[in-house]
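*Asks:* Residue numbers (the working numbering): 663 to 1036. Starting off with a structure, shown below.
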Ligand SMILES: [Zn+2]
């Protein structure tokens, strides 16, 4: 028989009718694991609408740049600006595009010249068709077959602010640590420092950003991570949490300094790009001086913070490069098929393989030359 549960936040008794499945890490940034009988349905939606919503506000750019894989719902495109003041759209897969298509028609002695700038070929095709309808003299088929497309890569740097934490997002991250502790069998009541903050009984955050050293001992080098980790050290009476989002925002949460439960070490971590779980190990055996710096919110310096941000941006860059390469490889394949008059799904005859690979290679080199230059 299961014990009676009470909502960790409002202490109402949880029954079937008001139970909720709370995401341990918000689903907007890729969290999958859920916990039942942790908070009631009202507290779930209230904290979701304020605390977790602020997480999305702060991390949406990073989430999209990493192509976050959500359990449900695709995030809407986000407008971003380059340092030159141009506006682009950031798409959920992390790619960027121009916000609005433009159309310009010029009448010359050779006929009508149309210049379209659009997000992709299908939009450009649609616009040509619309133009043709208005202009009965236009021979649509010859127009489409003569259409030349050029792609412009985004060269300029993009600006966005990387400010994490604050009252709302901070509470979401603390709740995440308490939720993982609860999932591991620790009553939220044992997370006394964290719960006082979540319930508004104290305004002093029980957490601090931590960049003094990397607490993740087996950090993947090829992709970002989202994680929450909880360690219970009864000999030191400590129950500590660690929450990291997109490799950039890293906090240590002091859940309790009166912990007398069993020794505990549990982590939920995943790659936000595909939600696959990671066997991450987090070292929360902190030195006394580190803990003191956390209590006084001094566990971060400009240099160590900047280093973590750089590391995070490096991962975004790697990801966008490999996505670009993938796309260009697929374009090169299509180009080679088209040039040789082969359908896309055909098997390339062995005697034409050399010709095919030359076509692909030439196309690819012309497209990725700017990457190599960089
Ligand atoms: Zn409640």
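Built from N, CA and C at the ideal position, the CB exists for glycine as well.
#1: Return the Cβ separation of residue 764 and residue 874 in integer angstroms, given the expectation that the two are a contact with Cβ distance under 8 Å.
#2: Please report the distance separating the alpha-carbon of residue 1027 from that of residue 714.
#3: Taking its Cβ as the centre, do 16 or more other Cβ atoms sit within 10 Å of residue 837, making it buried, or is it exposed?
#4: Where does residue 912 sit, in a helix, a strand or coil, going by DSSP?
#5: Just to confirm the assignment, what range does the alpha helix (DSSP H) spanning residue 1041 have?
#6: Check the C-beta distance from residue 892 over to residue 926 and give it rounded, since I have them as a contact under 8 Å.
#7: Thinking C-alpha only, which one of 756, 853, 760 and 755 is nearest residue 747?
#8: With a threshold of 8 Å on Cβ separation, who are the neighbours of residue 668 within its own chain once the five nearest residues in sequence on each side are excluded?
#9: Per DSSP, what are the beta-bridge partners of residue 689 in this structure?
#10: Going by the C-beta, is residue 696 closer than 6 Å to any heavy atom of ligand 1?
#11: Thinking just about the alpha-carbon of each residue, which of 692, 921, 698 and 689 is nearest to the one in residue 679?
#12: With DSSP collapsed to three states, give me the class of residue 900.
#13: Do residue 918 and residue 901 have their beta-carbon atoms positioned less than 7 Å apart in this structure?
#14: Give the DSSP-derived three-state secondary structure of residue 681 in the structure shown.
#15: For residue 1036, I'd like the list of residues in its chain whose CB is within less than 8 Å of its CB, leaving aside the five on either flank, ordered along the chain.
#16: Across which residues does DSSP place residue 873 in a beta bridge pair?
#17: Report the residue from 921, 898, 887 and 884 whose alpha carbon sits nearest the alpha carbon of residue 856.
#18: Classify residue 663: buried if its beta carbon has 16 or more other beta carbons within 10 angstroms, exposed otherwise.
#19: Sorry if obvious, but does the Cβ on residue 702 come closer than 6 Å to a heavy atom of ligand 1?
#20: Using the Cβ count rule (16 or more neighbours within 10 Å means buried), how would you classify residue 682?
#21: Hey, out of 995, 1004 and 1005, whose CA is closest to residue 1024's CA?
#22: Beta-carbon within less than 7 Å of residue 802's beta-carbon, same chain only, minus the 5 sequence neighbours each way: which residues are those?
#23: Across the region 863-874 and the region 715-733, are there enough close Cβ pairs to call them in contact, namely three or more that are closer than 8 Å?
#24: In this structure, how does DSSP classify residue 1008 when only helix, strand and coil are distinguished?
#25: Between the region 861-870 and the region 735-753, can you find at least three pairs of beta-carbon atoms closer than 8 Å?
#26: Is the Cβ-Cβ distance between residue 888 and residue 907 less than 7 Å?
#27: Classify residue 952 as helix, strand or coil using the three-state DSSP reduction.
#28: Residue 786 and residue 778: beta carbons closer than 7 Å?
#29: Cα-Cα, which of 1000, 670, 870 and 1002 is closest to residue 955?
#30: Going by C-alpha distance, which of 944, 758 and 915 is nearest residue 742?
#31: Cα separation between residue 845 and residue 976?
#32: What is the rounded straight-line gap between the Cα of residue 948 and the Cα of residue 848?
#33: Can you list, in chain order, the stretches of the alpha helix (DSSP H) that have 4 or more residues and sit fully within the region 822-860?
#34: Near residue 731, which residues of its chain fall below 8 Å by C-beta distance, leaving aside the five closest residues on each side in sequence?
#35: Can you name, in chain order, every residue of its own chain whose Cβ lies under 7 Å from the Cβ of residue 1018, other than the five neighbours on each side?
*Replies:* If we stick to the structure as given:
#1: No, residue 764 and residue 874 are not in contact; Cβ-Cβ is about 50 Å, not under 8 Å.
#2: 44 Å
#3: buried
#4: strand
#5: Nothing can be reported for residue 1041, as the shown portion of the chain is limited to 663 through 1036.
#6: 6 Å
#7: 760
#8: 674, 675 and 676
#9: Bridge partners of residue 689: none, in fact.
#10: no
#11: 698
#12: strand
#13: yes
#14: strand
#15: Any answer about residue 1036 is weak, because its pLDDT of 46 lies below 50 and its placement is not dependable; what the coordinates show is given next. Nothing meets the Cβ criterion.
#16: DSSP, once it has assigned bridges, lists no residue as partnering residue 873.
#17: 921
#18: Bear in mind that a pLDDT of 44 at residue 663, under 50, signals an unreliable position, so the number given afterwards is only what the model happens to contain. Classification for residue 663: exposed.
#19: yes
#20: buried
#21: 995
#22: 791 and 794
#23: no
#24: coil
#25: no
#26: yes
#27: helix
#28: yes
#29: 870
#30: 758
#31: 33 Å
#32: 20 Å
#33: 828-845 and 854-860
#34: 692, 934, 935, 936 and 937
#35: 998, 1002 and 1010
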